[in-house]
Structure formats: structure tokens, C-alpha cells
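K.L.:
So the sequence shown is numbered by my numbering: it starts at -19 and just counts up by one.
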Amino acid sequence: MDKSTRVVYLEDLDNPVGAAAASKENVAKESATQSDMAPAVKKAQYDASEKKTQTGGTKRQRTLMDMMSSSSAATKAPIAKKARTTAMPKITSMPSLNSIPFSLSEFQSSLSDEEKQLLALECQTMGKSWLKVLKDEIRQPYFLKLKKFLRDQGVKGPEDSAANLKVYPAPQNIYAWSNLTPLGRVKVVIIGQDPYHGPGQAHGLCFSVPPGVAIPPSLRNIYKEIKSEYPSFEPPKHGTLTSWAENGVLLLNTALTVKANEAGSHSNKGWEEFTDKVIDVVDRYGGANLGEKGTAAAGRGRGIVFLAWGAWAAKRVAKLDKHPSPLSASRGFFGNGHFKKANDWLEEKYGPDGCVDWTKL
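(1) Do cysteine 103 and glutamine 88 come within 8 Å of each other at the CB atom, strictly closer than that value?
(2) Contact criterion: CB-CB distance below 8 Å. Does valine 229 meet it with respect to chain B?
(3) Taking only runs that begin and end inside the stretch 154 to 198, name each unbroken alpha helix (DSSP H) of 4 or more residues, in chain order.
(4) Whose C-beta lies closer than 6 Å to the C-beta of asparagine 227 among residues of the same chain, with five residues either side of it excluded?
(5) For asparagine 6, I'd like the list of residues in its chain whose CB is within less than 6 Å of its CB, leaving aside the five on either flank, ordered along the chain.
(6) If you drop the 5 nearest sequence neighbours on each side, which residues of the same chain put their C-beta closer than 6 Å to that of glycine 281?
(7) Could you give the residue range of the beta strand (DSSP E) that holds phenylalanine 87?
(8) Using only the alpha-carbon positions, how far apart do glutamate 253 and lysine 115 sit?
(9) What would DSSP say about leucine 230, mapped onto helix, strand or coil?
(10) Tell me where the alpha helix (DSSP H) around alanine 293 begins and ends.
(11) Suppose contacts are defined by Cβ-Cβ distances below 8 Å. Is alanine 235 in contact with aspartate 174 by that definition?
(12) Among Ile259, Phe123, Lys207, Val113, which has the Cα closest to the Cα of leucine 231?
(13) Would you list the one or two residues that DSSP bridges to lysine 239?
(14) On a CA-only basis, which of Lys217, Gly192, Lys112, Leu124 is nearest glycine 250? Give me that one, please.
(15) Please report the straight-line C-alpha distance between alanine 294 and glycine 192, rounded to a whole angstrom.
(16) Can you tell me whether DSSP reads glutamate 139 as helix, strand or coil?
(17) Sort Lys167, His218, Ser90, Lys127 by Cα distance to serine 188 and report the nearest one.
(18) Which first and last residues belong to the alpha helix (DSSP H) in which histidine 318 is found?
(19) Can you check whether the CB of phenylalanine 319 is closer than 8 Å to the CB of glutamate 214?
(20) Does asparagine 248 come out as helix, strand or coil in the three-state DSSP assignment?
(21) Can you tell me which of the three DSSP states isoleucine 202 falls into?
(22) Here's the rule I'm using: 16 or more other beta-carbon atoms within 10 Å means buried, otherwise exposed. How should serine 198 be labelled?
(23) Please return the same chain residues whose Cβ sits closer than 6 Å to the Cβ of leucine 77, not counting the five positions on each side in sequence.
(24) Within the same chain, show all residues whose beta-carbon is closer than 7 Å to that of tryptophan 292, passing over the 5 residues directly before and after it, in chain order.
(25) DSSP state of lysine 22, grouped into three classes?
(26) In angstroms, rounded to a whole number, what distance separates the CA positions of lysine 345 and glycine 331?
(27) Relative to the C-alpha of asparagine 316, which candidate in Asp333, Gly107, Leu287 has its C-alpha closest?
(28) Roughly how far, in whole angstroms, is the beta-carbon of leucine 160 from the beta-carbon of threonine 222, given that I think they are within contact range, below 8 Å?
(29) Measure the alpha-carbon distance for serine 308 versus histidine 177 and round it to whole angstroms.
(30) Between glutamate 94 and arginine 131, what straight-line distance do the alpha-carbon atoms span, to the nearest angstrom?
(31) Note down, in chain order, each residue of its chain lying with its Cβ closer than 6 Å to the Cβ of valine 135, except the 5 sequence neighbours on either side.
(32) Once DSSP output is grouped into helix, strand and coil, what is the label at isoleucine 259?
(33) Compare the Cα-Cα distances from threonine 339 to each of Ser83, Leu98, Trp157, Ser212 and report the closest residue.
(34) Can the beta-carbon of leucine 99 be found closer than 8 Å to that of lysine 127?
(35) What are the boundary residues of the alpha helix (DSSP H) that arginine 131 is part of?
(36) DSSP three-state label for glycine 281, please.
Shown next as C-alpha cells:
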């Protein structure tokens, strides 16, 4: 895809039903930083489960938590379950994603003067497919408190933040994940911890860095694992994962901001509650616009893959996993085939077009 061209999906329109035209969303510029994960991630879990949606219908969800097990026969861990072919879930009263009405101007007019100031960044930079299902969440007291904290740190709107801001990523990139990966196109969720905290590193996608920035050790390990699963893959000289994001891989950090040179400095400020809500929304609507468009289930979530690397990430998806089946903590990151396993499940669920080209970077 021409990098200068942005594709506007139906679910990104302000009012997807009967909209006359779609306004293009700006791709967030890559200009800020992100805290590095430990290269070796220990804990692992791989689970397939059936669960009930909030509206009562049975929904198939595959969760891949720390798929980092080796094939050692000496390790007595539960055998990972193979994804099963299931019937199309029963259609419930949950509305389809594209039928949910949303008008940005009407939403803004409903805000108080203080909310307009605090939520200016969200209104201007968050992808519309996400904003329309998160609009009530960002008005919650905890989120407004978070925004007051960030305001005190100098983070305001995309254009009026403090000069020499020492919070990463740059304000216009905090929600880059929401613009590059529309909600209905999500296939896979990869959960990070908090942004890289060095200058020029973070740009709104977990594990990713802008062009010209040294590849972090954790991302080098990811490249090594992809190489082991796809031998023809030649690791790039850069660490930019925007092509994954554009191909349906939601690269979401648990905390979306960090103070310069202080890893974890914005943890426990409210971001965790917000990104938990993002994961809940993905659980309901992820994959809504994948697969056949003419079926009764079109526009509703039909299951996606979660890759939760690290204890903090596993905690984020724990609510999706009612019967955890932990693998041995002695097993490492390499040799687990989780990228291929993710594609195997996606192809079974959505056909060949549902797969992710992990080697396209």
C-alpha cells in the first residue's frame, strides 16, 4: 500500500449508516519513545475457550497467552488445545458495529466546558471506529482524573501541549493504534507494557519504533522467532511495525504514556482501566468486518487472537479466559510457533484473507 494513502474504512465514518462521504484520518507521525521489555519472557499460557457474550450468545474466543513453550518432552505441562471448528454463533440483539450511530459534533456539543478541554486530544486524534464505542468511557471520573494528571504534565491537545514536553509518545501519537487499526478490522492483539521512555522511540504502537531508531532487544527477539517459523523472512534493518497495524494487528500498550527516562511512571494513573475497556470492546467487536460481508453475523465480533507477552499482559486478558491452562514457566520465548498458530486459527475462522503476513515489514 502506498504509505501516502490512507484507507478509510466504513466503521471509521462519523455516521456509518448512509454517510455521504468519508473524511480521511491522519496517520499519526512517528516522533516520540517507548520502555523496553525484558528480552526473555518467562510465563506462558495457551488456551481456547467458549464463553457467553454480554447479550447471552455463545461466542468463540481463542486466547494465546505467552505462547512461549518449547517442545521439550520432559516438561509436564498441559497440552495446548487445538482450535476447533465451531458453528456460526447465534445472532443476538447486540448491534452491528457499522450500525452504531455516532456524530463527533453532537458528542462534542454534549460535553461540559471542562470536558471539552480535557478530551480535546481524544476528539481530534482517536479513530472514529473506536471513539464511538469508547465515548462514554472517556467521560468516566477516573479517565477525566487521568487527563487532569496529563494536563499537569503538559499534555493537552495535539497542537497546544507544552514546549519541550517530556512525556512520550508525542500527544498526536498517543492514539496512533486506533487510527492504523480500525476496530472492525482487528485480527490479533499484541499487548505491551508502557511506551519506550527514551527520546525518539515511542510512536503509539507497542514494541515498535520509528524509522531510524535502533531496534530494541525485545523486538530483535520477536524477529528471531518469526525467522524460525518462516525461514524465508529476512529481518528488516528497522523496527517499525506500522505494516502489521495496517494489516489488523492491534499493537496496544497497557499504559499509553510515560515520563521521559522513567519506566512505568504513568502506571496506576488510569490507563490500565482504560485499556481494559479497549480489550473488552475488542472482545465484542474485533473481527466484525472480516470474512463474508453478507452473513447475518457480519458487523459483530467473531473472535480474534490475543498475544499476551509478560505477566502484566496476561493480567489484562485474564477476564477473557475462564479456564486458564498455564504452561511451565521454565519454558522460554523461542520455538513456540505462536505466529503460525495465530494464522492457523485465523484462517480456520475467516479464510486465507484473515491471516497476517508477519514477514511483511
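The beta carbon of each residue, even a glycine, is placed where N, CA and C say it ideally should be.
P.N.:
In short, the structure shows the following:
(1) yes
(2) No chain B is present in this structure, which holds just one protein chain.
(3) 156 to 160
(4) Hits under 6 Å: Val336.
(5) Low confidence applies to asparagine 6: its pLDDT is 38, below 50, so where it sits in the model is not reliable enough to give any reading.
(6) Around glycine 281: Arg264, Tyr265, Gly266, Gly267, Ala268.
(7) No beta strand (DSSP E) contains phenylalanine 87, which is instead part of the alpha helix (DSSP H) from 84 to 89.
(8) 14 Å
(9) strand
(10) 291 to 297
(11) yes
(12) Ile259
(13) Val147, Glu242
(14) Leu124
(15) Take the alpha-carbon of alanine 294 and the one of glycine 192: they are about 31 Å apart.
(16) coil
(17) His218
(18) 318 to 330
(19) Between glutamate 214 and phenylalanine 319, the CB-CB gap reaches or exceeds 8 Å.
(20) coil
(21) helix
(22) Buried.
(23) Glu(-9), Gly164, Tyr265, Ala268, Gly279
(24) Gln173, Thr234
(25) For lysine 22, the predicted structure reports a pLDDT of 32, less than 50, and the residue's modelled location is therefore unreliable. The matter cannot be settled from this model.
(26) Residue numbering for the chain in the displayed model covers -19 to 341; residue 345 lies beyond these limits and cannot be assessed.
(27) Leu287
(28) Between leucine 160 and threonine 222 a beta carbon distance of about 6 Å is seen, short of the 8 Å cut, so the two are scored as contacting.
(29) Any reading at serine 308 must be qualified, since the residue scores a pLDDT of 25, below 50, and its modelled position is unreliable; the value itself is stated next. Going by the C-alpha atoms only, they are around 31 Å apart.
(30) 12 Å
(31) Ser141, Val147, Pro151
(32) helix
(33) The shortest C-alpha separation from threonine 339 is found at Ser212.
(34) yes
(35) 121 to 132
(36) coil
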